[in-house]
Amino acid sequence: MTSPQTRKGLLLKADPIAAAFRDEVKGSLGQCSRPPKLVGILATTSAPSNNYAEFTRKQCEELGVEFILKKVGAATSPDLGEGEGVEEAIIEANEDPSIHGIMVYFPIFGAQQDHYLQQAGFFFLSAVVSPLKDVEGLHFKFHYNLYHNIRFIEPKSLASSVLAPPSQLTETETEDPPAGTVKSIIPCTPLAIVKCLEFLGVYNKILPYGDRAYGKTITVINRSEVVGRPLAALLANDGARVISVDIDSIQEYTKRPRISSNPSSESAAAQRYHPRHIVHPSNLTLEEALAISDVVVSAVPSSTYKVKTEWLKDGCICLNVAADKNFEKDVRDKASIYVPAVGKVTIFMLLRNLLRLQQYQQL
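Take -5 as the starting number for the sequence shown in our numbering and just add one per residue.
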């Protein structure tokens, strides 16, 4: 007698998740007095970057967003270096009042997997692109807000070099900005991942806003400033226990305080959670982290890196964010849901940021 075939988990592509956001963006564009203009700067020969640039163009054209792809450096000639001309192109776009948003395609300094160079690319962008036009949410102001759980800002603050102190954190029960404030811009790829998790029911809407991922353990493999670290902060600030895995360390992000030696001296709110996440070293190995994780997100930029299926918790949710597949082919033998890519959601997070920045520029 043959044993029944083991049922595999669901392979879920990003299309149904992206559809609602496409409708939202389309509706918002219909209310604009003029369509926003987005400039994409490409300075690399990287095939994934070129493909994403063309994908951006296609989506913008279909929705009525004016998109200009500006190629510089190696994207225009093999005689020029990777990343050459990017700063000049950004400054020109910053100073052009007709442009509402700027994005730069990674990797800026070539496709080689050099951690230092890729991190340098992030810090370069975070300092050069105007926060009023940063659709990718990579400016240091937006990262400061994210890491300090500052969700709402005064729009005029984007034109200032002053950072809001964490003490100005606005407590709120809803997602609606308090009077006189607007939503801070969130990095589009981490935000897309959060929206995927909301769609999949990982976030519990019954729980209070800002705590809806409570009870979930999530492992994020990659701690880059572009994806992994801001994603870990987002999830932890929403209540999750996040295990952040990088090449040389494993950390835990959480806003749940450790057990106090004198709990009677603390308020009930303080015992419940910190106003923003804290980070501390983890003693877990990757295998141990995966075994307890309800969700696993991997964004390792390597074709050889694979998450071992045998280490996964049975019934977990897995999301691949890297251009190369980070999970083994049999991932659905353990995962209840596997999302192989999130790019189609990311583009609509980027366009939502564009529409918000166009509005903020007018306030």
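Every residue gets a Cβ at the ideal spot worked out from N, C-alpha and C, and that includes glycine.
The alpha carbon of Arg51 has as its nearest neighbour, out of Ile35, Ser40, Val66, Thr39, the alpha carbon of Ile35.
According to the DSSP secondary-structure assignment, Met97 is paired through a beta bridge with Gly34.
CA-to-CA, the gap between Leu357 and Ser243 works out to about 43 Å. Its chain contains Ser120 as the residues whose beta carbon lies nearer than 6 Å to that of Phe134, once the 5 sequence neighbours on both sides are disregarded; these appear in chain order.
Inter-segment contact for the stretch 41 to 60 and the stretch 83 to 91 is absent: fewer than three beta-carbon pairs are separated by less than 8 Å. Annotation: the stretch 7 to 82 contains the following complete segments of the alpha helix (DSSP H) (minimum length 4 residues), in chain order: 9 to 24, 41 to 57. Secondary structure note for His137: its alpha helix (DSSP H) is the uninterrupted segment 134 to 141.
C-alpha of Gln352 to C-alpha of Ala283: approximately 41 Å in a straight line. For Thr248, no alpha helix (DSSP H) run applies; the uninterrupted beta strand (DSSP E) run containing it begins and ends at 244 to 248, by DSSP. In the three-state scheme derived from DSSP, where H, G and I count as helix and E and B as strand, Asn314 is classed as strand. When beta bridges are read from the DSSP output, Thr213 appears opposite Ile237, Val290.
Taking 8 Å as the cut-off, the Cβ atoms of Leu344 and Ser22 do not count as close.
Our two residues, Ala285 and Thr211, have alpha carbons roughly 10 Å apart in a direct line. DSSP places Pro184 in the helix class (H, G or I) of the three-state scheme.
For Pro184, same chain residues with a beta-carbon under 7 Å away, outside a window of 5 residues either side, are Val221, Pro224, Leu225, Leu228 in chain order. For the 8 Å CB-CB criterion, Lys338 and Phe321 do not form a contact. With a 10 Å radius around the Cβ and a threshold of 16 neighbouring Cβ atoms, Asn45 comes out exposed. Annotation for Asp288: Val196, Lys210, Thr211, Ile212, Lys307, Cys310, Ile311 place their beta carbon closer than 8 Å to its own, counting only its chain and skipping 5 residues before and after.
Distance from the CA atom of Asp327 to the CA atom of Leu313, rounded to whole angstroms, is 15 Å. In the DSSP annotation of this structure, Tyr208 is not part of any beta strand (DSSP E), being labelled neither H nor E. With 16 or more other Cβ atoms from the protein chains shown falling within 10 Å of its own Cβ, Ile11 counts as buried. In this chain, Ile341 is not harboured by any beta strand (DSSP E); it is covered by the alpha helix (DSSP H) spanning 337 to 354. Taking a C-beta distance under 8 Å as the contact criterion, Ile215 and Val122 do not qualify as a contact pair.
In the DSSP assignment, Phe193 is bridged to no other residue.
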